[in-house]
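Take the sequence shown: its position 149, counting from 1, is numbered 160 in the working numbering, and each next residue is one higher.
Here a beta-carbon is modelled for each residue, glycine too, at the ideal position from N, C-alpha and C.
A quick note: this is a predicted structure, and the numbers were derived from the prediction, not measured.
Worksheet for the structure shown next.
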Amino acid sequence: MELALERTGARDGAIFLVDEEEDALRTEFHIVGGVAMALPSLLLRRRKDGRPNGIAFAIADSGEPYLCSDTSRDPNYAAYFQDVASIAGAPILYQRRAIGVITVSSRKAGAFTQEHVDELAALAASAAKFMRRAQLHREKREGDGRDFLIKGLSPEWLEVERAIERVSDTTAPVLVRGESGTGKELVAHAIHFNSPRRRKPFVVVNCAAIPETLLESALFGHVRGAFTGATANRIGEFQKAHGGTLFLDEIGELTPPLQAKLLRAIEQGEIAPLGSDAPPRRVDVRLVAATNRDLEAMMRQGAFREDLYFRLSVVTLQLPPLRTFLNNLPILAQVFLHQANRRHGRTAAGFAPGAMACLQAHSYPGNLRELRNIVERAVIVASGPDIEPADLPPHLSAPAPRRSDRPLAWRELRERWVDAPERRYLEDLVASAKSVRDAARQAGVSVATLYRLLRRRGLRLGLRAERE
12 MELALERTGA RDGAIFLVDE EEDALRTEFH IVGGVAMALP SLLLRRRKDG
62 RPNGIAFAIA DSGEPYLCSD TSRDPNYAAY FQDVASIAGA PILYQRRAIG
112 VITVSSRKAG AFTQEHVDEL AALAASAAKF MRRAQLHREK REGDGRDFLI
162 KGLSPEWLEV ERAIERVSDT TAPVLVRGES GTGKELVAHA IHFNSPRRRK
212 PFVVVNCAAI PETLLESALF GHVRGAFTGA TANRIGEFQK AHGGTLFLDE
262 IGELTPPLQA KLLRAIEQGE IAPLGSDAPP RRVDVRLVAA TNRDLEAMMR
312 QGAFREDLYF RLSVVTLQLP PLRTFLNNLP ILAQVFLHQA NRRHGRTAAG
362 FAPGAMACLQ AHSYPGNLRE LRNIVERAVI VASGPDIEPA DLPPHLSAPA
412 PRRSDRPLAW RELRERWVDA PERRYLEDLV ASAKSVRDAA RQAGVSVATL
462 YRLLRRRGLR LGLRAERE
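Spelled out as structure tokens, the structure:
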């Protein structure tokens, strides 16, 4: 992709893989403003009438290179990404069929020539075998489980991602901590689906949502007649999760008696359904618990058992709140928009500048969950190609007025939403990297690209890091 940008003079580009089962395209790699974006795969579907939904689709269908000098005049163009005026692309062919597409785009009309298209076709031909391997790898990975996390949101998230990689292939209990809405269940999913237990059950119990009188039965099961209303045997969530992962959300809401019974089940690896005279049943369960409570304070007050705390917190992951990485909100919002498009069959392309300004002015006490819900609502109610301020909830649609009523110029918009976040990200990277290779790995780019980005922002790694 970097070579394609270099040879065409473009700064934006994407690689798509054909998903034959879904009759769709998936984004495999995406560069904006010369920076690789750490986004999860986005699924792009056909139009409802079966026609190609976008130029990349048209390329995959025809198997031929494509030059679009003016997107406003091209009937195949679909505004998946904002401010695109011209596009060049080529199919990635394997055994004479398109398995993928490579495209570059520009905000300037007429930016590409037939020579650029020929360059892309040559690059696509040389990359075909590698892309076929990537396609097979994705099919295998998605058969095992999906990628639940949005990568590289902040240095704090990078630490969480590394911890997930380290603990996933173990059986150690994990305690996930963070404010409400920070993605604790997503992290639990990621731990399970990156572990050897990925093909076994992933069972979720919200300890705060089940009445105390029913929670013991929900966890361990009961036999018929165990209590009033127990008209049939019930299998508990521990038994349902046998061989897999049991996620106990809101663990801080457990009462002391239930904490004692949970501790016993963890220590002995056995459960006994309520009212059963049979010997306890052995269960093999990997535990992941989550809370937004101050468990240490609860222990000092005698409200949470210290021995249970140490059993659950063999590994502790602290999730950062959204307000600590608001510079990446445009990326997050676009990801949630594509997810909502897929879920509800919509085709919203992006956010009008006014709508993005509204989103960035909000503080998000509900964190990622709140942002996702706001974007999903906007996708559902939007009537135009882009999300407008009127599509947002009322408390967001009236941001504080700017000093001037003058519309922001493109250069100002780019500085606010692309250049400034990139600069902050690189500054954090420079401060934390141990070596050049480590920094490039964290950023998801080559060493050469990293040096180019640093030079552009007037930054450099420490002398020790550069020597390594």
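(request) For residue 125, collect the residues of the same chain with a Cβ closer than 8 angstroms to its Cβ; drop the 5 residues on either side in sequence, then sort them by chain order. (result) Leaving aside the five residues that flank residue 125 on each side, the residues in its chain whose CB is nearer than 8 angstroms to its CB run, in chain order, 78.
(request) Would you kindly work out how many angstroms separate the C-alpha atoms of residue 390 and residue 62, rounded to a whole number? (result) Rounded to whole angstroms, residue 390 to residue 62 spans 22 angstroms at the Cα level.
(message) Taking the straight line between their C-alpha atoms, what separation do you get for residue 243 and residue 274?
(response) So the two alpha carbons sit approximately 27 angstroms from each other.
(request) Alpha carbon to alpha carbon, how far is residue 365 from residue 412? Give it in angstroms, no decimals. (result) Interpretation of residue 412 is limited by its pLDDT of 45, a score under 50 that renders its predicted location unreliable; the figure taken from the coordinates is listed afterwards. Rounded to the nearest whole angstrom, the CA to CA distance from residue 412 to residue 365 is 11 angstroms.
(message) In whole angstroms, give me the CA-to-CA distance for residue 226 and residue 339.
(response) Cα to Cα, residue 226 sits roughly 39 angstroms from residue 339.
(message) Please return the same chain residues whose Cβ sits closer than 6 angstroms to the Cβ of residue 410, not counting the five positions on each side in sequence.
(response) At residue 410, the pLDDT of 45 sits below 50, so the modelled position is not reliable and the matter cannot be decided from this model.
(request) Report the rounded CA-to-CA distance for residue 27 versus residue 353, giving the unit in angstroms. (result) Distance between the alpha carbons of residue 27 and residue 353 is about 16 angstroms.
(request) Identify every residue that forms a DSSP beta bridge with residue 77. (result) BP columns for residue 77 point to 100.
(request) Report the option in 399, 334, 393, 280 whose CA atom is closest to the CA atom of residue 293. (result) With distances taken between CA atoms, residue 293 lies nearest to 280 out of 399, 334, 393, 280.
(message) Checking the sheet assignment: what are the DSSP bridge partners for residue 116?
(response) Beta-bridge pairing links residue 116 to 23, 98.
(request) Look up residue 105 in the DSSP assignment and say whether it is helix, strand or coil. (result) In the three-state reduction of the DSSP assignment, residue 105 falls in the strand class.
(message) Please return the same chain residues whose Cβ sits closer than 6 angstroms to the Cβ of residue 156, not counting the five positions on each side in sequence.
(response) At residue 156 the pLDDT is 39, less than 50, meaning the model places this residue with poor confidence; the figure from the coordinates comes in the next sentence. Here residue 156 has 204, 209 as same chain residues with Cβ atoms under 6 angstroms from its own Cβ, once five neighbours each way along the sequence are excluded.
(message) Quick check: what's the CA-CA separation for residue 29 versus residue 90?
(response) Across the structure, residue 29 and residue 90 are spaced so that their CA atoms are roughly 19 angstroms apart.
(request) State whether the stretch 295-313 contacts the stretch 332-348, with contact taken as three or more CB pairs (one from each stretch) at a distance under 8 angstroms. (result) With the cut-off at 8 angstroms, the stretch 295-313 and the stretch 332-348 do not touch.
(request) Just mark residue 295 as buried or exposed, buried being the case when its beta carbon has 16 or more other beta carbons within 10 Å. (result) Burial call: exposed.
(request) Report all residues from its chain with a CB closer than 8 angstroms to the CB of residue 382; omit the five preceding and five following residues, and keep chain order. (result) Within the same chain, residue 382 has close Cβ partners 333, 340, 343, 344, 347, 370, 375.
(request) Can you grab the Cα-Cα spacing for the pair residue 289 / residue 165, in whole Å? (result) Cα-Cα distance, rounded: 51 angstroms.
(request) Taking residue 86 as the reference, give the member of 19, 65, 287, 434 with the closest Cα. (result) Ranked by Cα distance from residue 86, the options 19, 65, 287, 434 are led by 65.
(request) Please go through the same chain and pick out, in chain order, the residues whose beta-carbon is closer than 7 angstroms to the beta-carbon of residue 324, but skip the five residues on each side of it. (result) Short of 7 angstroms from the beta carbon of residue 324, and not among the five residues preceding or following it, lie these beta carbons of its own chain, in chain order: 186.
(request) To the nearest angstrom, report how far apart residue 446 and residue 458 are at their CA atoms. (result) Taking the straight line from one Cα to the other gives about 10 angstroms.
(message) Given a cut-off of 7 angstroms on the beta-carbon distance, is the pair residue 300 and residue 259 in contact?
(response) In this structure, residue 259 lies closer than 7 angstroms to residue 300 by Cβ.
(message) Using only the alpha-carbon positions, how far apart do residue 442 and residue 462 sit?
(response) Their Cα atoms are separated by approximately 15 angstroms.
(message) Do residue 232 and residue 284 have their beta-carbon atoms positioned less than 7 angstroms apart in this structure?
(response) Cβ atoms of residue 284 and residue 232: closer than 7 angstroms.
(message) Residues in the same chain with beta-carbon distance under 7 angstroms from residue 480, minus the five sequence neighbours each way, listed in chain order, please.
(response) Residue 480 cannot be examined here, being either before or after the span of the chain that is shown, 12 to 479.
(request) Compare the beta carbon distance of residue 24 and residue 115 with 7 angstroms and say whether it is the shorter of the two. (result) Result yes, Cβ atoms of residue 24 and residue 115 sit closer than 7 angstroms.
(message) I'd like to check one pair, residue 54 with residue 99: are the Cβ atoms closer than 7 angstroms?
(response) Going by C-beta atoms, residue 99 is not nearer than 7 angstroms to residue 54.
(request) Report the rounded CA-to-CA distance for residue 180 versus residue 207, giving the unit in angstroms. (result) Taking the straight line joining both Cα atoms gives about 6 angstroms.
(message) Give me the DSSP bridge partner(s) of residue 232.
(response) Here residue 232 is bridged, per DSSP, to 246.
(message) Suppose you measure from the CA of residue 110 to the CA of residue 252; what does that come to, to the nearest Å?
(response) Taking the CA atoms as reference points, residue 110 sits about 38 angstroms from residue 252.
(request) Let me know if residue 328 comes out buried or exposed under the rule of 16 or more other beta-carbons within 10 Å of its beta-carbon. (result) Per the 10 Å Cβ criterion, buried.
(request) Note down the Cα distance separating residue 117 from residue 199, rounded to an integer number of angstroms. (result) Residue 199 has its alpha-carbon roughly 39 angstroms from the corresponding atom of residue 117.
(message) Considering just the uninterrupted stretch of the alpha helix (DSSP H) at residue 312, what are its terminal residues?
(response) Where residue 312 is concerned, there is no enclosing alpha helix (DSSP H), given that its DSSP letter is neither H nor E.
(request) Please list, in chain order, all residues of the same chain as residue 171 whose beta carbon is under 6 angstroms from its beta carbon, the five residues on each side excluded. (result) If we look at residue 171 and ignore the five residues flanking it on each side, its Cβ neighbours are 328.
(message) Please report the straight-line C-alpha distance between residue 314 and residue 321, rounded to a whole angstrom.
(response) So the alpha carbons of these two residues sit roughly 15 angstroms apart.
(message) Using a Cβ-based criterion (distance less than 6 angstroms to any ligand heavy atom), does residue 267 qualify as near the ligand NAP?
(response) Summarising the ligand content, the structure contains no ligands, and the ligand NAP is consequently not present.
(message) Quick check on DSSP: helix, strand or coil for residue 328?
(response) Strand.
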